[in-house]
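One structure below.
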Amino acid sequence: MKNNQHGCDLNSCMICRLCLKDWLPAIEANKQNFYIKKGQQIFREGDPVKGMYFIYSGTVKVHKKWDKEKELIIRFAKKGDILGHMGLGDEAIYPVTTTALEPTIVCYVKMDFFESTLKVNNELTYRLMRFFAGGLQDSEKRMRNLVHMPVKGRIAQSLIALKTQFGINDEGAINIELTRQDLSSFAGASYETLFKVINELVDEKIAEVSGKSIRILDEPALKLLTRVADM
1 MKNNQHGCDL NSCMICRLCL KDWLPAIEAN KQNFYIKKGQ QIFREGDPVK GMYFIYSGTV
61 KVHKKWDKEK ELIIRFAKKG DILGHMGLGD EAIYPVTTTA LEPTIVCYVK MDFFESTLKV
121 NNELTYRLMR FFAGGLQDSE KRMRNLVHMP VKGRIAQSLI ALKTQFGIND EGAINIELTR
181 QDLSSFAGAS YETLFKVINE LVDEKIAEVS GKSIRILDEP ALKLLTRVAD M
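Residue 1 is where the sequence shown starts when you use my numbering, and the numbers rise one by one after that.
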């Protein structure tokens with residue numbers, strides 16, 4: 001990472017949106033902006049927690065080790081999102097790794113300042129608590145799906161989740177381009193299985209693929225795959 005003079009407009013990220021206006025000068029004085037290249041890690045699983053990161057621009061994958069040589073992508077984070085909160089706790093280590101999927105700018109604040117900010121700004125603390133709760137619910141659902149849901153249902157659910165989070169572009173495709181490896185890691189599937197299932201979805205006229213772009217043609221049919229998988 002390298003320092004970046006541009007970024008953090010004191011309006012876009014979670015800490016700026018939800019803190020008291022009188023606290024913004026303190027954020028301005030304590031923040032650092034960093035530029036992260038595509039493929040560069042922001043922090044790694046097992047690193048000591050030194051502060052919190054807020055995405056000003058770009059997209060980041062949050063992932064952790066799964067078995068010996070595999071990874072599981074927990075979620076994707078985009079502009080306005082927080083990174084590092086999963087490291088809050090007595091152990092004070094990051095339980096996940098974060099990697100930029102494209103050139104990204106983050107705003108960073110040290111841990112002692114972040115803790116002071118939480119004590120002063122009740123709305124931020126409350127919203128962070130709700131964010132934690134939502135993330136925990138999502139993680140529980142994903143773990144359940146990894147155990148009980150057939151792989152085709154998991155891949156269908158992953159495509160729906162990506163469309164919900166990122167929307168669609170002018171061509172109607174999901175507005176994030178992922179490698180097949182990243183998509184398989186998000187769905188908890190092998191690369192070979194993902195390739196097979198994507199081809200099946202194309203043959204069934206449920207999805208359309210062009211390079212890294214995926215367009216959902218029949219969302220009700222895609223959702224049906226996840227409902228059938230839950231039965």
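From the three backbone atoms N, C-alpha and C, an ideal C-beta is built for every residue, glycine too.
Residue i to residue j, Cα distance in whole Å?
{"i": "G153", "j": "R180", "result": "17 angstroms"}
{"i": "I15", "j": "E45", "result": "23 angstroms"}
{"i": "E318", "j": "L178", "result": "The chain is shown only over 1 to 231; residue 318 falls outside these bounds and no answer can be derived."}
{"i": "G172", "j": "G84", "result": "32 angstroms"}
{"i": "N30", "j": "S116", "result": "12 angstroms"}
{"i": "K64", "j": "F186", "result": "11 angstroms"}
{"i": "T125", "j": "K163", "result": "29 angstroms"}
{"i": "E219", "j": "I160", "result": "8 angstroms"}
{"i": "R227", "j": "R144", "result": "14 angstroms"}
{"i": "T104", "j": "N169", "result": "20 angstroms"}
{"i": "L88", "j": "D112", "result": "12 angstroms"}
{"i": "P150", "j": "I174", "result": "23 angstroms"}
{"i": "L20", "j": "G135", "result": "25 angstroms"}
{"i": "E200", "j": "G80", "result": "36 angstroms"}
{"i": "A92", "j": "F76", "result": "22 angstroms"}
{"i": "I36", "j": "K50", "result": "17 angstroms"}
{"i": "D138", "j": "S213", "result": "25 angstroms"}
{"i": "L26", "j": "E204", "result": "Per the sequence shown, the amino acid found at residue 26 is Ala instead of Leu. Going by the C-alpha atoms only, they are around 55 angstroms apart."}
{"i": "R130", "j": "E123", "result": "11 angstroms"}
{"i": "G211", "j": "F132", "result": "35 angstroms"}
In three-state DSSP terms, what is residue i?
{"i": "V151", "result": "helix"}
{"i": "C16", "result": "helix"}
{"i": "R75", "result": "strand"}
{"i": "T59", "result": "coil"}
{"i": "S190", "result": "coil"}
{"i": "A173", "result": "coil"}
{"i": "A161", "result": "helix"}
{"i": "V106", "result": "strand"}
{"i": "K68", "result": "coil"}
{"i": "E219", "result": "helix"}
{"i": "N49", "result": "First, the residue type needs correcting, since residue 49 is Val and not Asn in the sequence shown. Note: V49 maps to coil in three-state DSSP."}
{"i": "T97", "result": "strand"}
{"i": "A92", "result": "coil"}
{"i": "Q32", "result": "strand"}
{"i": "I214", "result": "strand"}
Apart from the five residues on each side of it in sequence, which residues of its chain come closer than 8 angstroms, Cβ to Cβ, to residue i?
{"i": "K78", "result": "I55, G58, T59, V60, Q165, F166"}
{"i": "S190", "result": "S184"}
{"i": "D22", "result": "none"}
{"i": "S158", "result": "L183, F186, A187"}
Just to confirm, is the Cβ distance from residue i to residue j under 7 angstroms?
{"i": "Y94", "j": "Q32", "result": "no"}
{"i": "L232", "j": "R127", "result": "Given a span of 1 to 231 for the chain in the structure shown, any question on residue 232 remains unanswerable."}
{"i": "I198", "j": "L222", "result": "no"}
{"i": "A156", "j": "L217", "result": "no"}
Please work out which residues of its chain come closer than 7 angstroms, Cβ to Cβ, to residue i, disregarding the five sequence neighbours upstream and downstream, and give them in chain order.
{"i": "V209", "result": "I198, V202"}
{"i": "V96", "result": "E45, V62, H63, K64, I74, M86"}
{"i": "L72", "result": "H63, K64, W66, S185, G188"}
{"i": "M231", "result": "In this prediction, M231 has a pLDDT of 44, which is less than 50 and means its spatial position is unreliable; nothing more can be read from the coordinates."}
{"i": "L194", "result": "I155, R180, L183, S184, A187"}
Among residues of its own chain, excluding the 5 on either side of residue i, which ones have a beta-carbon nearer than 6 angstroms to its beta-carbon?
{"i": "F114", "result": "M52"}
{"i": "V106", "result": "F34, Y53, I55"}
{"i": "L146", "result": "G188"}
{"i": "R215", "result": "G172, A173, E208"}
{"i": "A229", "result": "With a pLDDT of 44 at A229, under the threshold of 50, the modelled position of that residue is not reliable, and no figure is offered here."}
Under 7 angstroms between C-beta atoms, does residue i make it to chain C?
{"i": "A173", "result": "Annotation note: the requested chain C is absent from the structure, which comprises a single protein chain."}
Check your understanding: When the Cβ atoms of the segment 34-53 are set against those of the segment 86-103, are three or more pairs found closer than 8 angstroms?
Key -> At 8 angstroms Cβ cutoff, the stretches touch.
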